[in-house]
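S.K.: Numbers 0 to 358, taken from numbering that gives the first Met the number 0, label the letters of the sequence shown in order. From the three backbone atoms N, C-alpha and C, an ideal C-beta is built for every residue, glycine too.
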Amino acid sequence: MGPHPAVAAIRLAVRRVLHDVLTELTDRPRTPSGAFPCAEPRTGAGAPPLVLVACSGGADSMALASALAFEAPKLGIRAGGITVDHGLQDGSDQRAAEVVIRMTALGLDPVESVAVRVGRDGGPEAAARDARYGALDEAADRLGAAAVLLGHTRDDQAETVLLGLARGSGIRSLSGMPEVSGGPGGPGRPGRGHRYRRPFLQVDRQTARKACMVQSLAVWDDPHNMDPAYTRSRLRHEGLPALEKALGKGVVEALARTAQLSRDDADALDAWAAEAEGGVRDEDGRLECAKLYALPPAVRRRVLRRAVVAAGSPAGSLFARHIEEVDRLITGWRGQGAINLPGRVEAQRQGGRLVIRQG
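#1: Tell me, to the nearest whole angstrom, how far the beta carbon of V279 is from that of I355; I am working on the premise that it is less than 8 Å.
#2: Do you know how far the Cα of R352 is from the Cα of A60?
#3: Mind checking whether V298 and A275 have CB atoms under 8 Å apart?
#4: Quick one: what does DSSP say I76 is sitting in, helix, strand or coil?
#5: Among the candidates A68, R327, A165, S55, whose CA atom is the shortest distance from the CA of S376?
#6: Please name the residue, chosen from A289, G106, F199, that lies closest to G350 on a Cα-to-Cα basis.
#7: With a Cβ-Cβ cutoff of 8 Å, do L200 and H151 count as a contact?
#8: Is it the case that the Cβ atoms of A95 and V115 are separated by a distance below 8 Å?
#9: At the level of alpha carbons, what is the spacing between P341 and G311?
#10: Let's test the definition: count the other Cβ atoms within 10 Å of the Cβ of S174 and tell me whether it reaches 16, buried, or not, exposed.
#11: Beta-carbon separation of R77 and L49 under 8 Å?
#12: Would you list the one or two residues that DSSP bridges to Q357?
#13: Are V147 and R194 closer than 8 Å when you measure CB to CB?
#14: From D154 to Q88, what does the alpha carbon distance come to, in whole angstroms?
#15: If you count every other CB in all the chains shown that lies within 10 Å of the CB of Q357, and 16 or more means buried, which is it?
#16: In angstroms with no decimal places, state the Cα-to-Cα distance between H85 and A127.
#17: How long is the line joining the alpha carbons of D263 and G90, rounded to whole angstroms?
#18: In whole angstroms, give me the CA-to-CA distance for V52 and A62.
#19: Just to confirm my understanding: we take L268, look at its own chain, exclude 5 residues before and 5 after, and list those with CB closer than 7 Å. What are they?
#20: What first and last residue would you give for the alpha helix (DSSP H) that runs through S91?
#21: Using the Cα positions of L234 and A228, report the straight-line distance between them to the nearest angstrom.
#22: Quick one: complete beta strand (DSSP E) runs, 3+ long, within the segment 145-179?
#23: If contacts are defined as beta-carbon pairs under 8 Å, then A5 and T206 qualify, I think. What distance do you get, rounded to the angstrom?
#24: So if DSSP puts R196 in a beta bridge, which residue, or which two residues, is it bridged to?
#25: Are the beta-carbon atoms belonging to I9 and A145 less than 8 Å from one another?
#26: Please report the straight-line C-alpha distance between L317 and W219, rounded to a whole angstrom.
#27: Kindly indicate which residue of L11, G122, G315, E23 has the alpha-carbon position closest to the one of L67.
#28: Measure the alpha-carbon distance for V20 versus G79 and round it to whole angstroms.
#29: Quick check on E111: does DSSP put it in helix, strand or coil?
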């Protein structure tokens, strides 16, 4: 008799992602030593690739860790785990140590606990997220991991879409979390943009919890996930249930489909904007307002956003209202002054050109 349906579902999701990782590694050019760029294990060239799971000890990530531990050896992949101690609750270090023990018991190796200091920029949730990804990036670089698996489920995706809708930040916000993403690239860092994988975006939270239960895996329920002080917690326990009560079951699935459709549209528009950008600059590389005006609004705003980020404005701090103000320099020019943007960047219109630079 085969595994429980919930266990089969999570294993299949992980197996597909591991196949993708292996395919990409096979297609990627090797270094002169024979190793894969950005995925060279500390054990040396030629060693099996390493895939890590980011595990908090919750049901989603414990289910993911168990599936990785089961599937990776069959594909010749080393499986390890990282848990991040945010230090935000009493006894967090002890809980992190317990997660290490649980991952080790699953057969993961290497397994580490990494402590971080959470700042305040962007609010508590954003600050914790930034600290967590910073720790995961450092661990993946140090250990030479080919990929890091994250336990976000279809329910998490639905919540992310609703949060994006509330911000009113456009179609990219509605596209939710991508299946593949990564830390910023840079010289000598090819492939980092594909570091993070989310195998469970088509798996609901209840399936992951059921998989833990039937495998007798101990899980830890973070009290922050129940704390109404956090926006996502209120949405999870109040907002989504209210929507399902009003609209019927299937809201989570519909929101997840919306995310995928929005992502496809946003990717197409981003590609159009990247292609169009070269045609709206003069011989000195300055943006020409008349040519920008001729672009469809959705494409023009993407060109402007690309230019503002390139000038030094942090992408995470740049919202739709900022780009709308810059867009008015093109579509509603009345002699207004410079627009101040995050990162000490300013945009102003000069002689039919749009000048975007750090002030």
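M.R.: Taking the definition as stated:
#1: Indexing the sequence shown from 1 puts residue 279 at position 280. Indexing the sequence shown from 1 puts residue 355 at position 356. Contact doesn't hold; Cβ gap of about 13 Å is too wide.
#2: One-based indexing of the sequence shown puts residue 60 at position 61. One-based indexing of the sequence shown puts residue 352 at position 353. As written in the sequence, residue 60 is Ser, which differs from the Ala given in the question. Cα-Cα distance, rounded: 50 Å.
#3: Translated into positions along the sequence shown, residue 298 becomes position 299. Translated into positions along the sequence shown, residue 275 becomes position 276. Yes, the Cβ-Cβ distance between V298 and A275 is below 8 Å.
#4: Start at 1 with the first residue of the sequence shown, and residue 76 comes out as number 77. In the structure shown, I76 sits in coil (DSSP, three-state: anything other than H, G, I, E or B).
#5: With the chain covering 0 to 358 only, the question about residue 376 has no answer from this structure.
#6: Residue mapping note: residue 350 aligns to position 351 of the sequence shown, counting from 1. That would be A289, whose Cα lies nearest to the Cα of G350.
#7: Within the sequence shown, the letter at position 201 stands for residue 200. Within the sequence shown, the letter at position 152 stands for residue 151. Yes.
#8: Position 96 of the sequence shown, counted from the start, is the residue given in the question as residue 95. Position 116 of the sequence shown, counted from the start, is the residue given in the question as residue 115. Between A95 and V115, the gap from beta carbon to beta carbon reaches 8 Å or more.
#9: Position 342 of the sequence shown, counted from the start, is the residue given in the question as residue 341. Position 312 of the sequence shown, counted from the start, is the residue given in the question as residue 311. Cα to Cα, P341 sits roughly 8 Å from G311.
#10: Numbered from 1 along the sequence shown, position 175 holds the residue referred to as residue 174. Buried, by the Cβ-count rule.
#11: To locate residue 77, count along the sequence shown from 1; it is residue 78. To locate residue 49, count along the sequence shown from 1; it is residue 50. Remark: C-beta atoms of R77 and L49 approach each other more closely than 8 Å.
#12: For this step, residue 357 is matched to residue 358 along the sequence shown. DSSP output for Q357 lists V344 as bridge partner(s).
#13: The residue you call residue 147 lines up with position 148 of the sequence shown. The residue you call residue 194 lines up with position 195 of the sequence shown. Taking 8 Å as the Cβ cut-off, V147 and R194 qualify as a contacting pair.
#14: For this step, residue 154 is matched to residue 155 along the sequence shown. For this step, residue 88 is matched to residue 89 along the sequence shown. Going by the C-alpha atoms only, they are around 25 Å apart.
#15: Looking up residue 357 in the sequence shown gives position 358. Q357 comes out exposed.
#16: What you label residue 85 is simply residue 86 of the sequence shown in a count that begins at 1. What you label residue 127 is simply residue 128 of the sequence shown in a count that begins at 1. In a straight line, the C-alpha of H85 is about 7 Å away from that of A127.
#17: The residue you call residue 263 lines up with position 264 of the sequence shown. The residue you call residue 90 lines up with position 91 of the sequence shown. The straight-line gap from Cα to Cα measures roughly 43 Å.
#18: Numbered from 1 along the sequence shown, position 53 holds the residue referred to as residue 52. Numbered from 1 along the sequence shown, position 63 holds the residue referred to as residue 62. One C-alpha to the other measures close to 10 Å.
#19: Numbered from 1 along the sequence shown, position 269 holds the residue referred to as residue 268. Closer than 7 Å at Cβ, skipping near neighbours: A297, V298, R301.
#20: Taking the sequence shown and counting its residues from 1, one reaches residue 91 at position 92. Note, S91: alpha helix (DSSP H), 91-104.
#21: On the sequence shown, position 235 is the one that residue 234 refers to. On the sequence shown, position 229 is the one that residue 228 refers to. L234 and A228: Cα-Cα distance of roughly 11 Å.
#22: 146-148
#23: Counting from one through the sequence shown, the residue named residue 5 turns up at place 6. Counting from one through the sequence shown, the residue named residue 206 turns up at place 207. Contact flag correct, Cβ pair sits at about 5 Å.
#24: For this step, residue 196 is matched to residue 197 along the sequence shown. Note: R196 sits in a beta bridge opposite L148, V179.
#25: Position 10 of the sequence shown, counted from the first residue, corresponds to residue 9. Position 146 of the sequence shown, counted from the first residue, corresponds to residue 145. No, these two residues do not count as a Cβ contact at 8 Å.
#26: Numbered from 1 along the sequence shown, position 318 holds the residue referred to as residue 317. Numbered from 1 along the sequence shown, position 220 holds the residue referred to as residue 219. Computed Cα separation, rounded: 35 Å.
#27: Start at 1 with the first residue of the sequence shown, and residue 67 comes out as number 68. Measuring from the Cα of L67, the nearest candidate turns out to be L11.
#28: Looking up residue 20 in the sequence shown gives position 21. Looking up residue 79 in the sequence shown gives position 80. Roughly 15 Å between the two C-alpha positions.
#29: By one-based count along the sequence shown, residue 111 stands at place 112. In this structure, E111 counts as strand in the three-state DSSP scheme.
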